[in-house]
Amino acid sequence: MPVIRSAPPPAHARDELVRRLADELAAAPGANPNGEPLIFENPLPPTDRLFVVVVWSAWEQVLWGERPRVIADAYRECDATHPDQPPRTPSLAIPTGLTWSEADSNAYFKFAVEPAARAGEVNPDEVRRAMLDEGGYATPSGVKLRFMLRHEAEVAYNRLREKLPAAYWGLSELVRSRD
Amino acid sequence: MLLLGAETTNGYTAAAAERFAEGSHLLASGNHGGAIYLFGYVAELVVKAATYRLFGLGPSAKVEAGFRRSVEWMMGRDALKPRGPHDILRWAEWLLLSKPALTGAAYPLGLTIDFMFHAHVIDANWSPEMRYHRLAVEFDAALAVQTSTRWVMTLGPAF
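Protein chains in written order, with my numbering: chain A, 3 to 181; chain B, 3 to 161.
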């Protein structure tokens with residue numbers, strides 16, 4: 003049994019993550035439609051507080067137990083740099099960070115639309131552009147086109163089939179891999 | 003013949019205190035593998051006791067198999083964190099998620115963050131499969147798990 007020792011990311015890398023996340027929190031909704039991180043602020047009724055899920059490739063470098071601290075620090079930094087706006091940190095109840103693979107294995111986004119074409123059958127740049135146009139997220143491992151609702155996924159799937167049929171689009175419903 | 007009484011959450015926490023003391027003795031005598039193995043189970047007992055109480059089970063009420071299955075089924079639907087051995091992470095996050103829905107108030111943010119951190123330290127160093135192996139665990143790792151387990155026992159979410 004190997005011993006895996008928890009270690010936080012280097013201070014400078016951690017600071018950069020906090021800053022990037024704080025910038026994203028401060029940005030207007032929709033200002034960065036295709037970029038990471040994705041921040042979901044889910045209400046926790048009957049309280050007025052939030053279960054915040056941040057989906058981000060950058061979490062690959064950060065242990066699960068450390069991610070909530072980074073998220074909380076980003077909320078604090080956002081409040082500190084925008085004193086003119088209502089503070090958001092008090093509404094933060096549960097901060098959780100997920101990588102894309104963790105989000106997929108938990109079926110956080112229930113539906114995925116992806117190309118099934120083989121290499122050479124379609125221009126990858128066209129595929130990338132088409133996925134971004136439909137609301138995909140640009141990540142270091144390629145564009146992710148994910149949806150929480152079947153209807154939204156089907157609309158995107160049908161448009162992509164019409165627009166770029168050579169990519170052989172597929173719509174899949176994700177299931178939790180751990181159960 | 004070994005006769006065990008009914009499982010209760012009071013029984014869980016009492017057993018946790020016993021196992022923690024035994025684990026600490028093992029750690030002090032240089033048996034780091036045995037110590038870490040017990041500490042992990044202690045944390046699991048404490049978190050499960052807190053979860054069952056949150057779901058309305060009295061301290062002396064029997065933990066029925068059906069109740070346990072129901073809680074685990076609901077947990078499987080809702081928790082988000084990555085899979086872990088015996089999933090102390092899953093239990094931790096689900097306890098945190100369930101509190102506001104069931105009581106109208108979430109745990110304080112600081113407690114939530116510390117709890118997730120300590121659950122991760124335990125998860126990263128412990129698994130039930132340790133019982134099948136000879137273990138060469140360093141003192142530092144066992145001490146880290148002891149520290150996190152003590153935190154979960156004394157300062158962690160309780161209900």
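Where is the CB? At the ideal position from N, CA and C, for every residue including glycine.
CB contact check: residue i to chain A, cutoff 9 Å
i: B/Y109; result: yes
i: B/E95; result: yes
i: B/A126; result: yes
i: B/T149; result: no
i: B/A121; result: yes
i: B/P102; result: yes
i: B/M3; result: no
i: B/M118; result: yes
i: B/T11; result: no
i: B/G106; result: yes
i: B/L28; result: no
i: B/L99; result: yes
i: B/T156; result: no
i: B/T15; result: no
Buried or exposed by the 16-neighbour rule on C-beta atoms within 10 Å, applied to residue i
i: A/Q63; result: exposed
i: A/Q87; result: exposed
i: A/A105; result: buried
i: B/H135; result: exposed
i: B/G35; result: buried
i: B/S150; result: buried
i: A/T83; result: exposed
i: B/W96; result: buried
i: A/P142; result: exposed
i: A/R177; result: Here residue 177 of chain A turns out to be Val, not Arg, going by the sequence shown. So A/V177 counts as exposed.
i: B/D89; result: buried
i: A/T101; result: buried
i: B/A8; result: exposed
i: A/N108; result: buried
i: B/G158; result: buried
i: B/L59; result: buried
i: B/W75; result: exposed
i: A/A29; result: exposed
Residue i at chain B interface by Cβ criterion, 9 Å
i: A/T141; result: no
i: A/W102; result: no
i: A/S174; result: no
i: A/V56; result: no
i: A/A74; result: yes
i: A/F113; result: no
i: A/G138; result: no
i: A/F53; result: yes
i: A/S59; result: no
i: A/E79; result: no
i: A/P70; result: yes
i: A/R178; result: yes
i: A/L65; result: yes
i: A/N125; result: no
i: A/V97; result: The sequence shown places Pro at residue 97 of chain A, rather than the Val named in the question. A/P97 counts as touching chain B.
i: A/Y170; result: no
Residue i and residue j closer than 9 Å at C-beta
i: A/E175; j: A/R152; result: yes
i: A/G67; j: A/V115; result: no
i: A/I41; j: B/L99; result: no
i: B/P61; j: B/T114; result: no
i: B/F141; j: B/L29; result: yes
i: A/A74; j: A/L27; result: no
i: A/T98; j: A/R78; result: no
i: A/A158; j: A/A119; result: no
i: A/R71; j: A/V56; result: no
i: B/G68; j: B/S129; result: no
i: B/A107; j: A/T49; result: yes
i: B/D118; j: B/I38; result: The sequence given here has Met at residue 118 of chain B, not Asp. No, these two residues do not count as a Cβ contact at 9 Å.
i: B/P102; j: A/P12; result: no
i: B/R152; j: B/F22; result: yes
i: A/V145; j: A/N36; result: yes
i: B/E24; j: B/L40; result: yes
Supposed contact pair residue j and residue i - C-beta distance, whole angstroms, cut 8 Å
i: A/L2; j: A/A60; result: Here chain A comprises residues numbered 3 to 181, so residue 2 of chain A is not present and cannot be evaluated.
i: B/V49; j: B/V147; result: Not really, about 14 Å apart at Cβ, beyond 8 Å.
i: B/A1; j: B/V44; result: Here chain B comprises residues numbered 3 to 161, so residue 1 of chain B is not present and cannot be evaluated.
i: B/A94; j: B/A121; result: 4 Å
i: B/R55; j: B/M77; result: Rounded, the Cβ-Cβ distance is 15 Å, inconsistent with contact.
i: A/L193; j: A/E164; result: With chain A covering 3 to 181 only, the question about residue 193 of chain A has no answer from this structure.
i: A/E2; j: A/Y139; result: In the structure displayed, chain A extends from 3 to 181; residue 2 of chain A sits before or after that span and is not available.
i: B/N127; j: B/A143; result: 5 Å
i: B/L82; j: A/Y110; result: 6 Å
i: A/R162; j: A/A121; result: As written in the sequence, residue 162 of chain A is Leu, which differs from the Arg given in the question. Going by Cβ atoms, the distance from A/L162 to A/A121 rounds to 19 Å, so no, they are not a contact pair.
i: A/C80; j: A/A24; result: 4 Å
The ligand GTP heavy atom lying under 8 Å from the CB of residue i
i: A/R152; result: Absent from the structure shown: the ligand GTP. Ligands present: none.
- prompt: What residues in the segment 51-66 of chain B bring their beta carbon closer than 8 Å to a beta carbon of chain A?
  reply: Correct list: empty, as no residue qualifies.
query: Going along the segment 34-51 of chain A in order, which residues come within less than 9 Å of chain B, judged by CB to CB distance?
result: Listed by position, the residues of the segment 34-51 of chain A near chain B (Cβ gap below 9 Å) are L46, P47, P48, T49 and R51.
query: Mind listing which residues of the segment 65-94 of chain B have their C-beta closer than 7 Å to chain A's C-betas, in chain order?
result: For the segment 65-94 of chain B, the residues whose beta carbon sits under 7 Å from a beta carbon of chain A are, in order, G78, L82, K83, P84, R85 and L91.
- prompt: Mind listing which residues of the segment 82-94 of chain A have their C-beta closer than 9 Å to chain B's C-betas, in chain order?
  reply: In summary, the residues of the segment 82-94 of chain A whose CB is separated from some CB of chain B by less than 9 Å are T91, P92 and L94, in the order they occur in the chain.
- prompt: In the segment 154-166 of chain A, which residues sit with their C-beta less than 8 Å from some C-beta in chain B, listed in chain order?
  reply: Going along the segment 154-166 of chain A in chain order, one finds no residue with a Cβ nearer than 8 Å to chain B.
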